[in-house]
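The listed protein sequences derive, respectively, from chains D and P.
The first sequence begins at 16 in the numbering used here and counts up by one.
The second sequence begins at 16 in the numbering used here and counts up by one.
Inspection log for the structure reproduced underneath, given as structure tokens.
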Amino acid sequence: MSIEPELDALGVLHSRPTQNAAVRVANNDNGVVLFVPVARPSWLRALSWLLPLRREKGFALDALGREVWLACDGARSFEKIVVEFSERHKLRFHEARAMVSAFLKTLNERNLVALVVSKEASSE
Amino acid sequence: MTELSSSSALVQPIHWLALEFRVPEAWEIVRHGIRFESGSLVFVDRARQRLSVSWTECPRAPDLERLFSDFETRSNADGELSRNQRDCAGFRVLECIGKSAQPTTHALRYEPRSKRLIELEFAHDGAVDEHAFVDALLSEFVFAERNQSTRLQAFAVRADLPRGFELSASEVKPADVSFEFVRAAERRQPRLRIRRSGMARAWFDGDISRALRQRNPELRFDELESIDMGPHRASSGLASPRVAPLARLFKRASPVRVTSWHCPAENALFELTEPSELPRRERCRLWCCAEAEKGAQDEH
């Protein structure tokens, strides 16, 4: 597998955070719960018919998390999501960026969101 | 003077350690020094560093020409190619082309009132006339003596401080900024503290008194009163630090006056902690929104 080139600041700003289509969403009073299928090796998958292994992992997001999750529609760039977040909460751009990027990093580590980078942005 | 485009218009005032200048609205501070003797402020736009302002205290005026020549040699050694030298608004200016063909401008000035050497470095983005931009930015600089400067304006905080107080500590986190000041002569007590906590709608339930107590567990509050802070209702009261009785006996725990209010326009909670013995006319003025400022002007 080839190693992906690291993105510079502009590359990150132009990337498009996109929700994992396999995620099931359940709304609750305060926010949202995201259920992501648990990836297992094939031998364990066969055993799952016999053992009560859970098939999904749930992650609860509060209202702010839900707001960012909904913004990750694949159409909006990371920069646009940050700008909208900063305007809504009256934050400075870099404050909003620090918050949104920390949150997206967590979502990304849990396979809930992927950063889609256009070829032009990655080759710049 | 050439008209600057709206994105590069110098509309954001900065007051920091006896330095006063303006930068474009979109520039933000990402690194800051809190010592008057030496330090720097580094500004970035959305993508990269745009300006650094550094200062170093020099009790006597340095040989600026020699410094400038060393400066030019150093820039050339770093791979920059000097293009032009000139003077502007009391600064010696050196225009260079960086390794990646990016224009950079360095400016140097000795400021006798504050006895500091001021050094600036701009990275241009090619969107505006760099010459006009640098000239406009340099001509906005105002310098004050160390103990004459009473205003702090940065990180969406604007405060007029009582004379004699100096910045001693800062904590800048996303949506939570606080600054601490001490009287120059008395490094230990009493302290003045300003805190601005953003995103209030996400965590603030509307009860200022409760928020004040929760956010200051180290203080024991007396009765809190409700007062007007411009168009906002503030909660204010005297508090004593929770310290050992002996420390209180030796006056190492002076009481403070804490005032806090919510500004919906800024979506932020402001908190001001001052030494209780400060006379009313000497108290710190902490500004939040334009509405509050207007109210204060009407009072005058």
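The beta-carbon is built from N, C-alpha and C at its ideal position, and this holds for glycine as well.
Legend entry - D:Asn123 in three-state terms, based on DSSP: Numbered from 1 along the first sequence, position 108 holds the residue referred to as residue 123 of chain D. In this structure, DSSP gives D:Asn123 a helical state, which the three-state scheme calls helix.
Inset, instruction - Going by CA-CA distance only, name the one from P:Phe156, P:Ile49, P:Ser69 and P:Glu80 that's closest to P:Glu35. - result: Here residue 35 of chain P corresponds to residue number 20 of the second sequence, with the count starting at 1. Taking each of P:Phe156, P:Ile49, P:Ser69 and P:Glu80 in turn and checking the Cα distance to P:Glu35, the smallest one comes out for P:Phe156.
Legend entry - Under 8 Å from the C-beta of P:Val45: neighbouring residues of chain D: Taking the second sequence and counting its residues from 1, one reaches residue 45 of chain P at position 30. Those within 8 Å of P:Val45 in chain D are His109.
Legend entry - Rounded straight-line distance, which links the Cα of D:Ser116 to that of D:Trp6: The requested residue 6 of chain D does not occur in the structure, where chain D is confined to residues 16 to 139.
Inset, instruction - Could you list the residues in the segment 89 to 107 of chain D with a C-beta less than 8 Å from some C-beta on chain P, going in chain order? - result: Residues Glu94, His104, Lys105, Leu106 and Arg107.
Inset, instruction - In angstroms with no decimal places, state the Cα-to-Cα distance between D:Arg70 and D:Pro52. - result: Within the first sequence, residue 70 of chain D is the residue found at index 55, counting from 1. Within the first sequence, residue 52 of chain D is the residue found at index 37, counting from 1. Roughly 6 Å between the two C-alpha positions.
Legend entry - Any beta strand (DSSP E) of 3 or more consecutive residues that is wholly inside the segment 47 to 122 of chain P: Here the runs fully enclosed are 53 to 59, 64 to 72, 96 to 103 and 106 to 112.
Legend entry - 8 Å Cβ cutoff met for D:Leu127 and D:Ser30: Numbered from 1 along the first sequence, position 112 holds the residue referred to as residue 127 of chain D. Numbered from 1 along the first sequence, position 15 holds the residue referred to as residue 30 of chain D. Using a Cβ distance threshold of 8 Å, D:Leu127 and D:Ser30 do not count as a contacting pair.
Legend entry - Segment contact, 8 Å Cβ cut-off, at least three pairs: the segment 142 to 156 of chain P with the segment 87 to 105 of chain P: Yes, they touch.
Legend entry - Residues near D:Trp64 in its chain [Cβ-Cβ closer than 6 Å; skip 5 each side]: As a first step, residue 64 of chain D must be located in the first sequence, where it is residue number 49. Residues of the same chain with a CB within less than 6 Å of the CB of D:Trp64, apart from the 5 flanking positions on each side, do not exist.
Inset, instruction - In angstroms with no decimal places, state the Cα-to-Cα distance between P:Glu15 and P:Ser183. - result: In this structure chain P extends from 16 to 315, so residue 15 of chain P is not present and cannot be described.
Legend entry - Interface positions of the segment 57 to 83 of chain P facing chain D (Cβ-Cβ less than 8 Å), listed along the chain: When C-beta distances to chain D are compared with 8 Å, the residues of the segment 57 to 83 of chain P below that value are Val59, Arg61, Ala62 and Arg63, in chain order.
Inset, instruction - Note down the Cα distance separating D:Phe74 from D:Met114, rounded to an integer number of angstroms. - result: Taking the first sequence and counting its residues from 1, the one referred to as residue 74 of chain D is at position 59. Taking the first sequence and counting its residues from 1, the one referred to as residue 114 of chain D is at position 99. Taking the straight line joining both Cα atoms gives about 18 Å.
Legend entry - Short Cβ contact (8 Å threshold) for P:Ile29 with P:Ala169: For the purposes of this step, residue 29 of chain P is taken as residue 14 along the second sequence, with counting starting at 1. For the purposes of this step, residue 169 of chain P is taken as residue 154 along the second sequence, with counting starting at 1. It is a contact, given that the beta carbons lie within the stated cut-off.
Legend entry - Segment limits, beta strand (DSSP E) that includes P:Phe156: Here residue 156 of chain P refers to the residue found at position 141 when the second sequence is read from its first residue. First-last for P:Phe156: undefined, no H or E at that position.
Inset, instruction - Determine, using beta carbons only, whether P:Leu253 and P:Arg272 come nearer to each other than 8 Å. - result: Numbered from 1 along the second sequence, position 238 holds the residue referred to as residue 253 of chain P. Numbered from 1 along the second sequence, position 257 holds the residue referred to as residue 272 of chain P. Result yes, Cβ atoms of P:Leu253 and P:Arg272 sit closer than 8 Å.
Inset, instruction - Quick one: using the 10 Å Cβ neighbour count with 16 as the cut-off for buried, is D:Val97 buried or exposed? - result: One-based indexing of the first sequence puts residue 97 of chain D at position 82. Taking a 10 Å sphere around the C-beta of D:Val97, we find 16 or more other C-beta atoms and assign the residue as buried.
Legend entry - Interface flag, P:Pro246 vs chain D, CB-CB below 8 Å: The sequence position of residue 246 of chain P within the second sequence is 231, counting from 1. Cβ-Cβ to chain D under 8 Å: no for P:Pro246.
Legend entry - Every unbroken beta strand (DSSP E) inside the segment 246 to 295 of chain P [3 residues or more]: Entirely contained in the segment 246 to 295 of chain P, the beta strand (DSSP E) runs reaching 3 residues are, in chain order, 247 to 256, 271 to 278 and 283 to 290.
Inset, instruction - Let me know the secondary structure DSSP gives D:Gly73 once reduced to three states. - result: For this step, residue 73 of chain D is matched to residue 58 along the first sequence. DSSP places D:Gly73 in the strand class (E or B) of the three-state scheme.
Inset, instruction - Could you tell me whether the Cβ of P:Gly213 comes closer than 8 Å to any Cβ of chain D? - result: As a working note, residue 213 of chain P is residue 198 in the second sequence. Taking Cβ atoms only, chain D reaches closer than 8 Å to P:Gly213, which makes this a yes.
Legend entry - Where D:Val27 falls, given that 16 or more other Cβ within 10 Å makes a residue buried: Looking up residue 27 of chain D in the first sequence gives position 12. With 16 or more Cβ atoms within 10 Å of its Cβ, D:Val27 is classed as buried.
Inset, instruction - For my contact list, P:Ser193 and P:Arg210 are in at a C-beta cut-off of 8 Å; report their separation, rounded to the angstrom. - result: Your numbering for residue 193 of chain P matches position 178 in the second sequence. Your numbering for residue 210 of chain P matches position 195 in the second sequence. About 4 Å separates the two Cβ atoms, so the contact holds.
Inset, instruction - Indicate whether at least one CB of chain D lies closer than 8 Å to the CB of P:Pro28. - result: Start at 1 with the first residue of the second sequence, and residue 28 of chain P comes out as number 13. For P:Pro28, the answer is no, since every Cβ of chain D falls outside 8 Å of its Cβ.
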